[in-house]
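Asker: Residue numbers (the working numbering): 746 to 813.
I have a structure I would like to understand better, so I am pasting it below and will then ask my questions one at a time.
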């Protein structure tokens, strides 16, 4: 659904980021990366989670600043 309100798109992006982070956390908590034995995969999962960790908070701060 399209919206003229940019906050809708930011919230959708935040929701997607949070779902992705949870999916990555579930994968990390499983034994799959260990069973595969790929150190680079495990490091990559950690790197991605670290990269996206603060994006939801940053997006919400941006929207608060725009609302002023």
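Ideal Cβ positions, reconstructed from N, Cα and C, are used throughout, including at glycine.
Keep in mind it's a predicted model, so treat the numbers as computed, not measured.
Would you report the Cα separation of residue 792 and residue 778, rounded to the nearest angstrom?
Answerer: In the chain shown, the residue the question calls residue 792 occupies position 47. In the chain shown, the residue the question calls residue 778 occupies position 33. Roughly 14 angstroms between the two C-alpha positions.
Asker: Between residue 769 and residue 751, what straight-line distance do the alpha-carbon atoms span, to the nearest angstrom?
Answerer: Here the question's residue 769 lines up with position 24 in the chain shown. Here the question's residue 751 lines up with position 6 in the chain shown. Rounded to whole angstroms, residue 769 to residue 751 spans 27 angstroms at the Cα level.
Asker: Hey, how far is the Cα of residue 808 from the Cα of residue 755?
Answerer: On the chain shown, position 63 is the one that residue 808 refers to. On the chain shown, position 10 is the one that residue 755 refers to. Distance between the alpha carbons of residue 808 and residue 755 is about 8 angstroms.
Asker: Check residue 777 in the structure and name its three-state DSSP category.
Answerer: As a position in the chain shown, residue 777 is number 32, starting the count at 1. In this structure, residue 777 counts as helix in the three-state DSSP scheme.
Asker: If residue 790 and residue 773 are in contact, beta carbons under 8 angstroms, what's the gap, nearest whole angstrom?
Answerer: Reading the chain shown from its first residue, position 45 is the one you call residue 790. Reading the chain shown from its first residue, position 28 is the one you call residue 773. 5 angstroms between Cβ atoms; contact.
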